[in-house]
Amino acid sequence: MTTQSQVSVQPKPTSPKVIPNVGGLPIIGNTLEMAKDPAAFFVRCYRDYGPVYRVNVFGQKRIVIAGPEAGKFMNSKAARLGLRSKEFWQDFVDHHGASKTLTGIDGEQHQKMRAIMRDGFSRGAMAGRYHELTDIIDISLERDWNDGEVPVVEAFQYMIVQLLGEVMTGNAPLEYVRDIRVNILYILNVLVTKQWPGFMIHMPEFKRASARVDELGQQMVDEFFTHAEAGTLPKNLLGDVMRGHLDDPDLIQKRDLKLVLTGPYVAGLDTVANSLAAAVYGILKTPGVLEKVQAEADALFAKDIVTERDVLGLNYIQNCLKEAMRLWPIAVAQMRTTNHDLEFEGFVVPKDETIFIGTSVPHFMEEYFPDPMKFDPDRADRREHLQPGAYAPFGRGTHSCLGQSLAEVLMGICIARLFHRLNISLESTEYVLKTKTAPTPGPAMSFKIKVDGERNPATSLRAEILGEAA
Ligand code: HEM
Numbered sequence: 014m015t016t017q018s019q020v021s022v023q024p025k026p027t028s029p030k031v032i033p034n035v036g037g038l039p040i041i042g043n044t045l046e047m048a049k050d051p052a053a054f055f056v057r058c059y060r061d062y063g064p065v066y067r068v069n070v071f072g073q074k075r076i077v078i079a080g081p082e083a084g085k086f087m088n089s090k091a092a093r094l095g096l097r098s099k100e101f102w103q104d105f106v107d108h109h110g111a112s113k114t115l116t117g118i119d120g121e122q123h124q125k126m127r128a129i130m131r132d133g134f135s136r137g138a139m140a141g142r143y144h145e146l147t148d149i150i151d152i153s154l155e156r157d158w159n160d161g162e163v164p165v166v167e168a169f170q171y172m173i174v175q176l177l178g179e180v181m182t183g184n185a186p187l188e189y190v191r192d193i194r195v196n197i198l199y200i201l202n203v204l205v206t207k208q209w210p211g212f213m214i215h216m217p218e219f220k221r222a223s224a225r226v227d228e229l230g231q232q233m234v235d236e237f238f239t240h241a242e243a244g245t246l247p248k249n250l251l252g253d254v255m256r257g258h259l260d261d262p263d264l265i266q267k268r269d270l271k272l273v274l275t276g277p278y279v280a281g282l283d284t285v286a287n288s289l290a291a292a293v294y295g296i297l298k299t300p301g302v303l304e305k306v307q308a309e310a311d312a313l314f315a316k317d318i319v320t321e322r323d324v325l326g327l328n329y330i331q332n333c334l335k336e337a338m339r340l341w342p343i344a345v346a347q348m349r350t351t352n353h354d355l356e357f358e359g360f361v362v363p364k365d366e367t368i369f370i371g372t373s374v375p376h377f378m379e380e381y382f383p384d385p386m387k388f389d390p391d392r393a394d395r396r397e398h399l400q401p402g403a404y405a406p407f408g409r410g411t412h413s414c415l416g417q418s419l420a421e422v423l424m425g426i427c428i429a430r431l432f433h434r435l436n437i438s439l440e441s442t443e444y445v446l447k448t449k450t451a452p453t454p455g456p457a458m459s460f461k462i463k464v465d466g467e468r469n470p471a472t473s474l475r476a477e478i479l480g481e482a483a
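All residue numbers for the sequence shown refer to our numbering, where the first residue is 14 and numbers rise by one.
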């Protein structure tokens, strides 16, 4: 197998094109435009400068490769061998005294670690458990979605922690939700994307939250060592990680365990909550959509057993989710460092350059998605999302989302149950979604909906007996 160190330098084009600089303000360059709406900024620059350009954001000059060209490139061998993720995650890893994290390693180690975690992060982890998930959603609706106004992102965050906790760890650490959120906010802004200055890592708010998440991780580690000694490691993500550690203590080291075990919350909390909130907005705002969602949700819960196939078969709801992730992608760009001089579209991106890869740019291009700003669930049936390089809400290439299949069924059942159980509406028909960019782009925390009473009561489903035909 070829390793990164053996990769020969790519032949440079005879006279590479000059990478254009995006014009901006003195000193701060493009920071304001980027901070306001990163997706729109990358699209505007792609239109004005083409698929490669240099921006000046947050005090750093960065090369951006963007558009469908970049989307296709990310799935290529040249990208697999020519790009690495280490630098973006190193401060985060160091901060936790760990040796590595899945997102920050590449090559053979990365493949091994992904293989250990694949099952636990897949939708298979939910098989036979849709009755439990529905009960958890009902508990969450009862607790956080009462008559009156509901802050949508926050309410979904609590729902997701409970769902992920039960499925992946057998435990739902609700009392840690706020700490996990604060932790993600600082980690992504200060240690990963570096949009906030380094001294903010010493803020008491972060120190407190970080200590609490550390405490949660330690509890999980202790619990799983006890299981390992008793020979009762469960078949879930945490069991798999612990087995991975015992089998190869150099790969998943003891000092990595806390990070790995709390990882699902960092990876899943904001991403899923933001995408769900965006879908709720699209469904409520767009004429004619709500009724179709309700009809599909009601048909699902007319059954007394719900299976994975049923949730994947929620065609219209899954189409709404696809549209939500197109219009409000949580990862506007991916961040990487070049292993060697990299040839792309006639340009040469120099070795050891940290770059943005704007894979979400085509989401907003008329050429791929006619009338691109329109929330139109029927696009998916017209296969617009399937055009090469056009649609990448879960990223592309070696680090693409390991939790994608799990996220899809999780979000499907959440939306179906919400719209089956409750009558909800926007604050007013004129309401236009406000968005945030940090730590993860998506609907603002201030986005609220009104709950106008119950549509259907909370009737529990029956357990699916796995292996029996549905
Ligand atoms: C709507 C929901 C989600 C979206 C849009 C999403 C998006 C993404 C994206 C764009 C990446 C790639 C980042 C990069 O290349 O730098 C990623 C990676 C990842 N995601 Fe997700 N994600 C979602 C939900 C989840 C969930 C629920 C989990 C698990 C609980 C999860 C686990 C992961 C993991 C482990 C990685 C790292 C993979 C690697 O580095 O090899 N994600 N996700």
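Glycine residues also receive a C-beta, built at the ideal position from the N, C-alpha and C atoms.
In this text, all values refer to a predicted model and were calculated from it rather than measured experimentally.
Three-state secondary structure assigned by DSSP to residue i
i: E46; result: helix
i: N469; result: coil
i: Q17; result: At Q17, the pLDDT of 42 sits below 50, so the modelled position is not reliable; the number obtained from the coordinates is stated separately. The answer is helix: DSSP assigns Q17 an H, G or I state.
i: A79; result: strand
i: T284; result: helix
i: T182; result: helix
i: G36; result: coil
i: N249; result: coil
i: V163; result: strand
i: F134; result: coil
i: P342; result: coil
i: F360; result: strand
i: V68; result: strand
i: Q266; result: coil
i: T442; result: coil
i: R256; result: helix
i: L313; result: helix
i: A483; result: For A483, the predicted model reports a pLDDT of 42, less than 50, meaning its position is unreliable; a value from the coordinates is still stated below. It is coil, neither helix nor strand.
i: K463; result: strand
i: P454; result: coil
i: K447; result: coil
i: L474; result: coil
i: K335; result: helix
i: K305; result: helix
i: K74; result: strand
i: K30; result: strand
i: L355; result: strand
i: R392; result: helix
i: L415; result: coil
i: K207; result: coil
Segment limits, alpha helix (DSSP H) that includes residue i
i: L439; result: Unbroken run through L439 is the beta strand (DSSP E), L435 to L439; no alpha helix (DSSP H).
i: Y404; result: Counting along the chain, Y404 falls outside any alpha helix (DSSP H), and DSSP gives it neither H nor E.
i: T320; result: Premise fails: T320 is in no alpha helix (DSSP H) and is neither H nor E.
i: V234; result: P217 to A243
i: G371; result: Where G371 is concerned, there is no enclosing alpha helix (DSSP H), although the beta strand (DSSP E) it sits in stretches over T367 to G371.
i: L146; result: Y143 to D157
i: Y381; result: From DSSP, Y381 is part of no alpha helix (DSSP H); its letter is neither H nor E.
i: G326; result: It is not in any alpha helix (DSSP H) - G326 carries neither H nor E in the DSSP assignment.
i: H108; result: K99 to H108
i: R57; result: P51 to Y62
i: A91; result: K90 to G95
Nearest-angstrom Cβ-Cβ length linking residue i and residue j, presumed shorter than 8 Å
i: V77; j: T44; result: Not really, about 14 Å apart at Cβ, beyond 8 Å.
i: A290; j: V166; result: 5 Å
i: L274; j: V226; result: At roughly 10 Å, the Cβ-Cβ gap does not stay under 8 Å, so L274 and V226 are not in contact.
i: G80; j: G371; result: 7 Å
i: C346; j: F369; result: Position check: residue 346 holds Ala in this sequence, whereas Cys was assumed. At roughly 4 Å, the Cβ-Cβ gap stays under 8 Å, so A346 and F369 are in contact.
i: R349; j: R93; result: Contact flag wrong, Cβ pair sits at about 11 Å.
i: P401; j: K90; result: So it is not a contact: roughly 16 Å between Cβ atoms.
i: I428; j: L297; result: Their Cβ separation, rounded to whole angstroms, is 12 Å, which puts I428 and L297 out of contact at 8 Å.
i: L250; j: M181; result: 4 Å
i: F357; j: V65; result: 6 Å
i: D160; j: G416; result: The pair is not a contact, with the Cβ atoms about 33 Å apart (cut-off 8 Å).
Check: residue i C-beta below 6 Å from any heavy atom of the ligand ADP
i: R225; result: The ligand ADP is absent from the structure shown, which contains only the ligand HEM.
Range covered by the beta strand (DSSP E) that runs through residue i
i: R191; result: Unbroken run through R191 is the alpha helix (DSSP H), V190 to Y199; no beta strand (DSSP E).
i: Q347; result: Q347 to T351
If we count Cβ pairs, one from each stretch, closer than 8 Å, do we get three or more for the region 29–43 versus the region 344–362? yes
If you measure from each CB to the nearest heavy atom of the ligand HEM and keep those under 6 Å, what residues do you get, in chain order? L115, T116, R127, F134, L177, P277, A280, G281, T284, V285, S288, M338, I343, A344, Q347, P406, F407, G408, H412, S413, C414, L415, G416, L419 and A420
Touch test, the region 312–323 against the region 441–460, Cβ-Cβ under 8 Å, three pairs minimum: no
Counting beta carbon pairs with one atom in the region 409–424 and one in the region 256–273, are three or more of them shorter than 8 Å? no
Stretch-stretch touch, CB-based, cutoff 8 Å, three pairs: the region 384–393 with the region 336–353: yes
Could you tell me whether the region 270–290 touches the region 196–208, where touching means 3 or more Cβ pairs closer than 8 Å? yes
Pair every Cβ in the region 464–477 with every Cβ in the region 140–151, then say whether three or more of these pairs are closer than 8 Å. yes
Counting Cβ pairs, one atom from each stretch, are 3 or more of them under 8 Å apart for the region 198–218 and the region 235–254? no
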